[in-house]
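So in the UniProt record's numbering, spot 230 of the sequence shown is number 230, and the numbers just go up one at a time. Even glycine gets a Cβ: it sits at the ideal position worked out from N, Cα and C. Below you'll find the structure, written out as structure tokens, and then a few comments.
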Amino acid sequence: MDSITSVHVVLFPFMSKGHTIPILHLARLLLLRTGITVTIFTTHANSPFIRQFLGDIQQSLISVIELEFPSNIPELPPGVESTDHLPSMSLFIPFANATKLMQPDFERSLNSLSTSGGVSCIISDGFLGWTQQSAHKSGIPRLVFYGINNYAMTITKVLAMDRSHVGLGPDEPFILSDFPWMKLTLNDFLPVFNGSETEGPHFEFVMETSIATAKSQGLVVNSFYEYESAYLDYYNREFIPKAWCVGPLCLAEVQKFDRPREKPDSIKWLDQKLAEGRSVLYVAFGSQAEITEEQLREMAVGLERSEVSFLWVVRSKGEVLEELEEKVKGRGLVVREWVNQVEILRHESVHGFMSHCGWNSALESICESVPILAWPMMADQHLNARLVADELGVGLRILASNGSVRGFVGSEIVEKMVKELMEGEKGEDVRRKVKEAGEAARKAMEESGSSWRTLDQLINETCRRKD
Ligand code: UDP
Numbered sequence: 001m002d003s004i005t006s007v008h009v010v011l012f013p014f015m016s017k018g019h020t021i022p023i024l025h026l027a028r029l030l031l032l033r034t035g036i037t038v039t040i041f042t043t044h045a046n047s048p049f050i051r052q053f054l055g056d057i058q059q060s061l062i063s064v065i066e067l068e069f070p071s072n073i074p075e076l077p078p079g080v081e082s083t084d085h086l087p088s089m090s091l092f093i094p095f096a097n098a099t100k101l102m103q104p105d106f107e108r109s110l111n112s113l114s115t116s117g118g119v120s121c122i123i124s125d126g127f128l129g130w131t132q133q134s135a136h137k138s139g140i141p142r143l144v145f146y147g148i149n150n151y152a153m154t155i156t157k158v159l160a161m162d163r164s165h166v167g168l169g170p171d172e173p174f175i176l177s178d179f180p181w182m183k184l185t186l187n188d189f190l191p192v193f194n195g196s197e198t199e200g201p202h203f204e205f206v207m208e209t210s211i212a213t214a215k216s217q218g219l220v221v222n223s224f225y226e227y228e229s230a231y232l233d234y235y236n237r238e239f240i241p242k243a244w245c246v247g248p249l250c251l252a253e254v255q256k257f258d259r260p261r262e263k264p265d266s267i268k269w270l271d272q273k274l275a276e277g278r279s280v281l282y283v284a285f286g287s288q289a290e291i292t293e294e295q296l297r298e299m300a301v302g303l304e305r306s307e308v309s310f311l312w313v314v315r316s317k318g319e320v321l322e323e324l325e326e327k328v329k330g331r332g333l334v335v336r337e338w339v340n341q342v343e344i345l346r347h348e349s350v351h352g353f354m355s356h357c358g359w360n361s362a363l364e365s366i367c368e369s370v371p372i373l374a375w376p377m378m379a380d381q382h383l384n385a386r387l388v389a390d391e392l393g394v395g396l397r398i399l400a401s402n403g404s405v406r407g408f409v410g411s412e413i414v415e416k417m418v419k420e421l422m423e424g425e426k427g428e429d430v431r432r433k434v435k436e437a438g439e440a441a442r443k444a445m446e447e448s449g450s451s452w453r454t455l456d457q458l459i460n461e462t463c464r465r466k467d
């Protein structure tokens, strides 16, 4: 490895777990290299999670700066500093726009860091597009992190430029000429990317952040080359700024940082299931999916009827939870609190993962060689599900009762697909493929692997101080 001297990296994750966790993994990876120090910017309310997550990392190498999250934004509930706690994702844009008010504070702190030794580069979330201006003012290179894969990134960009699909029905299949093997539908994309939303606050936000990204020095992508080489190569040939694959970042989780602790109930429950061999379906939909009560009930019926044991992490609140717990007891365990998802996926009892296909969850499943039952809900998840099921063959796909990629899913489909993943022939096939993918992922993150070398190269080319 090249020796990297005197590099100070500022990390600024967006305020949601799915965007913060991979950046914290990146912090760990950076600190495994000699001569690098890291400063993480966040807000007061997000800081305890970050500090706890970083655990035993050497304090002299990392510091956390807490900014004031703007209060008194009329649309936002007071005290909410993370999208995970928003009452509805319809408040995402006011939330993201509120972060812009932190710019003066951020720039003051950045200036004082610059005078006390300098900042080599800023890696900030794509949703924090305004940090591009701050970086530019201070003459510091900025790299952008979106938390999406090359496949979603490339297809979305190509779609935005190829207008031949505009006007098609939401479920009408079409192809993009450079990717003839893919049968896509407009429903696979957010309206703001598929040409059906061309004005309004969401559209403006996407435009603003995309322009900021185009001015940045590069994209840090949480994926690995061997897995998505066709899409990464295409992206870097056709678009700017350059994308660098440095993941799967979840593999930066180093056990020696973890303190010994009492096992959580979910792990004790999985331990008990060991007697039945690999038999448990893990069910979780990330930190922000909004699922209707009607859909949750239908899911519970399907899970029950599949006769498979399952561990179900449910973020929804209210009476429906008690009802679900009652319905599934005996066969399933319903967990309401935050779990260590990687620890669950790593458990010997776990045989499959019903997932919303948030990119972190999908990668974590692949790295632990657990096949995925993809049930996407929003954002980039529909494309991730296509990548997982159609391109890589490491998972099966749940479709709505009307055959669309979006919409209500009946219990009979849940039952059938769970059985197929856990006991069927197709399940066996994806299990074999996910094992291979897991091995390739681990290789990419070894010191001689593609992702490790790419991160070294990225730091050397972009962040090394010219002194
Ligand atoms: N996660 C976790 N425990 C939970 C819920 C989520 O550890 O109870 C982690 C999960 O492992 C992943 C992240 O939170 O790293 C969620 O990111 P993802 O992209 O999968 O979904 P999002 O929450 O952004 O929709």
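| query | For residue 486, which of 323, 357, 226 and 237 has the nearest alpha-carbon? | reply | Absent from the structure is residue 486, since the part of the chain shown begins at 1 and ends at 467.
| Nearest-angstrom Cβ-Cβ length linking residue 145 and residue 123, presumed shorter than 8 Å | Along the sequence shown, one-based indexing puts residue 145 at 145. Along the sequence shown, one-based indexing puts residue 123 at 123. With a Cβ gap of about 6 Å, residue 145 and residue 123 count as contacting.
| request: Compute the distance between the beta-carbons of residue 314 and residue 336, then report whether it is under 9 Å. | output: Counted from its first residue, the sequence shown places residue 314 at position 314. Counted from its first residue, the sequence shown places residue 336 at position 336. Yes.
| field | Meets three-Cβ-pair contact criterion under 8 Å: the region 421-435 and the region 217-234 | value | No: the two stretches stay apart, fewer than three of their Cβ pairs being nearer than 8 Å.
| said: Does chain C have any CB closer than 9 Å to the CB of residue 149? | reply: The chain labelled as chain C is not found in the depicted structure, where only one protein chain is given.
| query | Okay, do the region 381-392 and the region 407-426 touch, 3+ Cβ pairs below 8 Å being the bar? | reply | Contact fails: fewer than three Cβ-Cβ distances are below 8 Å.
| task | Compute the distance between the beta-carbons of residue 394 and residue 281, then report whether it is under 9 Å. | result | Taking the first residue of the sequence shown as 1, we reach residue 394 at position 394. Taking the first residue of the sequence shown as 1, we reach residue 281 at position 281. Taking C-beta atoms as the reference points, residue 394 and residue 281 fail to come closer than 9 Å.
| Reduced DSSP secondary structure (H/G/I, E/B, other) of residue 257 | Sequence index remark: in the sequence shown, residue 257 carries index 257 (1-based). Note on residue 257: pLDDT 38, under 50, position unreliable in the model; no value is reported.
| task | For the region 225-238 and the region 436-451, state whether three or more C-beta atom pairs, one from each stretch, are separated by less than 8 Å. | result | Contact between the region 225-238 and the region 436-451 is present, because at least three Cβ pairs lie under 8 Å.
| field | Span of the beta strand (DSSP E), counted from its first residue to its last, around residue 367 | value | By one-based count along the sequence shown, residue 367 stands at place 367. Residue 367 -> not in any beta strand (DSSP E); alpha helix (DSSP H) instead, spanning 359-367.
| Coil, strand or helix - residue 77 by DSSP | As a first step, residue 77 must be located in the sequence shown, where it is residue number 77. Residue 77 falls in the coil class under three-state DSSP.
| Own chain, CB closer than 7 Å to residue 140, minus 5 neighbours either side, in chain order | Residue mapping note: residue 140 aligns to position 140 of the sequence shown, counting from 1. 119, 121 and 122.
| said: Check for me: the beta strand (DSSP E) holding residue 42 runs from which residue to which? | reply: Position 42 of the sequence shown, counted from the first residue, corresponds to residue 42. Looking at the DSSP string, the run of the beta strand (DSSP E) that includes residue 42 is 36-43.
| said: Any heavy atom of the ligand UDP inside 8 Å of the beta-carbon of residue 82? | reply: The sequence position of residue 82 within the sequence shown is 82, counting from 1. No heavy atom of the ligand UDP is found nearer than 8 Å to the CB of residue 82.
| query | What is the DSSP secondary structure of residue 397, counted as helix, strand or coil? | reply | Taking the sequence shown and counting its residues from 1, the one referred to as residue 397 is at position 397. Reduced to three states, the DSSP call for residue 397 is strand.
| request: Tell whether a beta-carbon distance below 9 Å holds between residue 23 and residue 125. | output: Position 23 of the sequence shown, counted from the start, is the residue given in the question as residue 23. Position 125 of the sequence shown, counted from the start, is the residue given in the question as residue 125. With contacts defined as CB atoms closer than 9 Å, residue 23 and residue 125 qualify as a contacting pair.
| said: What residue range does the beta strand (DSSP E) around residue 183 cover? | reply: By 1-based counting over the sequence shown, the position of residue 183 is 183. Start and end: 179-184.
| query | Out of curiosity, what's the CA-to-CA distance linking residue 155 and residue 177? | reply | Within the sequence shown, residue 155 is the residue found at index 155, counting from 1. Within the sequence shown, residue 177 is the residue found at index 177, counting from 1. Their Cα atoms are separated by approximately 11 Å.
| In whole angstroms, what is the alpha-carbon distance linking residue 15 and residue 87? | The residue given as residue 15 occupies position 15 in the sequence shown. The residue given as residue 87 occupies position 87 in the sequence shown. Going from the Cα of residue 15 to the Cα of residue 87 covers about 15 Å.
| Going by the beta-carbon positions, is the gap between residue 12 and residue 50 smaller than 9 Å? | Walking along the sequence shown from the start, residue 12 turns up at place 12. Walking along the sequence shown from the start, residue 50 turns up at place 50. Against a cut-off of 9 Å, the Cβ pair of residue 50 and residue 12 comes out as no contact.
| For residue 396, which residues from the same chain have a beta carbon less than 8 Å from its beta carbon, with the 5 sequence-adjacent residues on both sides left out? | The count along the sequence shown starts at 1 and reaches residue 396 at position 396. Take residue 396, set aside five residues on each side of it, and the residues of its chain with a beta-carbon closer than 8 Å to its own are 371, 372, 373, 374, 389, 417, 420, 421, 426, 427 and 430, in chain order.
| query | Should the region 41-48 be called in touch with the region 76-92, which here means at least 3 C-beta pairs below 8 Å? | reply | Verdict: yes, contact present.
| In chain order, what residues of the same chain lie with their CB nearer than 6 Å to the CB of residue 70, ignoring the 5 residues before and after it? | Numbered from its first residue, the sequence shown carries residue 70 at position 70. Excluding sequence neighbours, residue 70 sits near 98 and 101.
| If you draw a straight line from the C-alpha of residue 363 to the C-alpha of residue 271, how long is it? | On the sequence shown, residue 363 is found 363 positions in, with the first residue counted as 1. On the sequence shown, residue 271 is found 271 positions in, with the first residue counted as 1. Using only the alpha carbons, I get a separation of about 24 Å.
| Residue environment, residue 36, which counts as buried when at least 16 other CB atoms sit within 10 Å | Position 36 of the sequence shown, counted from the start, is the residue given in the question as residue 36. With 16 or more Cβ atoms within 10 Å of its Cβ, residue 36 is classed as buried.
| field | 4-residue-minimum alpha helix (DSSP H) runs that sit fully inside the region 44-125, ordered along the chain | value | Counting whole runs of 4 or more residues, the region 44-125 contains the alpha helix (DSSP H) stretches 47-54, 92-98 and 103-115.
| Hey, which unbroken runs of the alpha helix (DSSP H) at 4 residues or more fall wholly within the region 7-34? | Whole alpha helix (DSSP H) segments, 4+ residues: 17-31.
| What are the boundary residues of the beta strand (DSSP E) that includes residue 373? | Indexing the sequence shown from 1 puts residue 373 at position 373. Unbroken beta strand (DSSP E) run through residue 373: 372-374.
| query | Are the beta-carbon atoms belonging to residue 159 and residue 194 less than 9 Å from one another? | reply | Residue mapping note: residue 159 aligns to position 159 of the sequence shown, counting from 1. Residue mapping note: residue 194 aligns to position 194 of the sequence shown, counting from 1. For the pair residue 159 and residue 194, the CB atoms are nearer than the 9 Å cut-off.
| message | According to DSSP, is residue 135 part of a helix, a strand, or is it coil? | response | In the sequence shown, residue 135 corresponds to position 135, counting from 1. If DSSP states are grouped into helix, strand and coil, residue 135 belongs with the helices.
| field | CB of residue 304 within 9 Å of CB of residue 327, strictly | value | Position 304 of the sequence shown, counted from the first residue, corresponds to residue 304. Position 327 of the sequence shown, counted from the first residue, corresponds to residue 327. For residue 304 and residue 327, yes; Cβs fall inside 9 Å.
| request: Can you grab the Cα-Cα spacing for the pair residue 351 / residue 296, in whole Å? | output: Start at 1 with the first residue of the sequence shown, and residue 351 comes out as number 351. Start at 1 with the first residue of the sequence shown, and residue 296 comes out as number 296. Each residue's alpha carbon lies about 22 Å from the other.
| task | Verify whether the separation of the beta carbon atoms of residue 316 and residue 291 is less than 9 Å. | result | Counting from one through the sequence shown, the residue named residue 316 turns up at place 316. Counting from one through the sequence shown, the residue named residue 291 turns up at place 291. Annotated as proximal: residue 316 and residue 291, with beta-carbon spacing under 9 Å.
| Cut-off 7 Å between Cβ atoms - residues of its own chain near residue 168, not counting five sequence neighbours on either side | Mapped onto the sequence shown, residue 168 falls at position 168. Correct list, in chain order: 174 and 186.
| said: To the nearest angstrom, how far is the alpha carbon of residue 10 from that of residue 148? | reply: In the sequence shown, residue 10 corresponds to position 10, counting from 1. In the sequence shown, residue 148 corresponds to position 148, counting from 1. Each residue's alpha carbon lies about 20 Å from the other.
| task | Look at the Cβ atom of residue 251, then the Cβ atom of residue 442, and state whether they are nearer than 9 Å. | result | Position 251 of the sequence shown, counted from the first residue, corresponds to residue 251. Position 442 of the sequence shown, counted from the first residue, corresponds to residue 442. Their beta carbons are under 9 Å apart, which means residue 251 touches residue 442 by this criterion.
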